[in-house]
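In the UniProt record's numbering, the protein residues as written are 1 to 372.
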């Protein structure tokens, strides 16, 4: 609790306290200086100024305690104001009566040239002083407090909205995987079963790739991973797809070594590869190709990573939306949450479709190794 933020708030509270006290003293001086210029008795002026100086800290302390108590009890704003004003009036009246009693009764000073100051008049004067001090206290303490609370509520609302968006994206990703992975797993197992007697070596290789993919899924991932790690996972995924579809599907890879250490959201490219296979390359009926390419481009004083997944399919339909649009929407949301300023765009023609992701390079892993 003693971190920099807490220390800053404590310092800010102390500054507000000093500002409030200084403001009260200045107002007290403004009240007494005109009387001094009018040649009133110095003793009376000094006594009234001393009353102001002594009463102000008492009022501020009492008002602060009252305010905190009301806030803890979650009282309405109207009740808080009424409680603080009543406390200020009571303390103001008692202070004024005590001041008159001590000054005139015990010390023998005359506060008014016309004679002893009536107690009802002193009480009224004390009530007005109490209300004035309460106003100063509200300006110096409560107003900044309410401003801070409003800012805190705004930040909390933004944080909740951000977390809700994260949960929504995660749930959509989980829903997509729950739909895709069972079919992928079943088809892969059927392929392996067919290769056990015909090509045992290929069957063992596919089992190894499938085991690696399942192990990664069970272990989970960090929110971010390097491009090398992403491509390693995608290569295993692609090997299984190539074995399943034979000559009808091939993958090409163009990943430069200098881009391998760039961080990006985990498995960001998987839905793009899935769409390129299902809605692009396999729609040709033969000779389908998917190319995964990455380039690191200089942009001003920084750089950006451009990842492109291209298929040689028939292109995007012009009428009905593709079923893979949900996966694209999830990719866009993940980019908005994890990589602000990054984009996903599609380029399509009768010769194929390209999904292009552009990410501003925020950090690079020093342990990365190039994948080509």
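Backbone N, C-alpha and C fix where the C-beta goes; we use that ideal spot for every residue, glycine too. Owing to the predicted nature of the structure, the values given are computational and were not obtained by experimental measurement.
Length of the line joining the Cα atoms of residue i and residue j
i, j, result
"residue 274", "residue 157", "36 Å"
"residue 129", "residue 148", "28 Å"
"residue 212", "residue 359", "28 Å"
"residue 309", "residue 355", "5 Å"
"residue 195", "residue 297", "43 Å"
"residue 59", "residue 141", "13 Å"
"residue 282", "residue 162", "38 Å"
"residue 202", "residue 215", "20 Å"
"residue 101", "residue 57", "21 Å"
Rounded Cβ spacing between residue i and residue j (contact assumed at less than 8 Å)
i, j, result
"residue 290", "residue 311", "5 Å"
"residue 189", "residue 240", "Contact flag wrong, Cβ pair sits at about 10 Å."
"residue 376", "residue 93", "Because the chain in this structure spans residues 1 to 372, residue 376 falls outside the shown range and cannot be described."
"residue 292", "residue 210", "Residue 292 to residue 210, Cβ: 20 Å. No contact."
"residue 134", "residue 80", "Not a contact, Cβ separation roughly 12 Å."
"residue 353", "residue 302", "At roughly 29 Å, the Cβ-Cβ gap does not stay under 8 Å, so residue 353 and residue 302 are not in contact."
"residue 97", "residue 138", "With 8 Å as the limit, residue 97 and residue 138 do not qualify as a contact, their Cβ atoms being about 24 Å apart."
Proximity of residue i and residue j at Cβ, strictly below 8 Å
i, j, result
"residue 231", "residue 305", "no"
"residue 316", "residue 342", "no"
"residue 131", "residue 65", "no"
"residue 261", "residue 295", "no"
"residue 313", "residue 284", "yes"
"residue 288", "residue 249", "yes"
"residue 223", "residue 338", "yes"
"residue 70", "residue 62", "no"
"residue 328", "residue 271", "yes"
Which listed residue (the options) has its alpha carbon closest to that of residue i
i, options, result
"residue 307", "341, 269, 54, 240", "269"
"residue 344", "351, 283, 330, 352", "330"
"residue 278", "203, 229, 244, 127", "244"
Residue burial classification, residue i (beta-carbon count within 10 angstroms, cutoff 16)
i, result
"residue 351", "exposed"
"residue 33", "Below a pLDDT of 50, predicted positions are generally treated as unreliable, and residue 33, at 47, falls in that range; no measurement from the model is reported."
"residue 68", "exposed"
"residue 95", "buried"
"residue 76", "exposed"
"residue 276", "buried"
"residue 237", "buried"
"residue 357", "buried"
Any C-beta of chain C under 8 Å from that of residue i
i, result
"residue 232", "No chain C is part of this structure, which consists of one protein chain only."
The ligand GTP heavy atom lying under 7 Å from the CB of residue i
i, result
"residue 97", "Here there are no bound small molecules, and the ligand GTP is not part of this structure."
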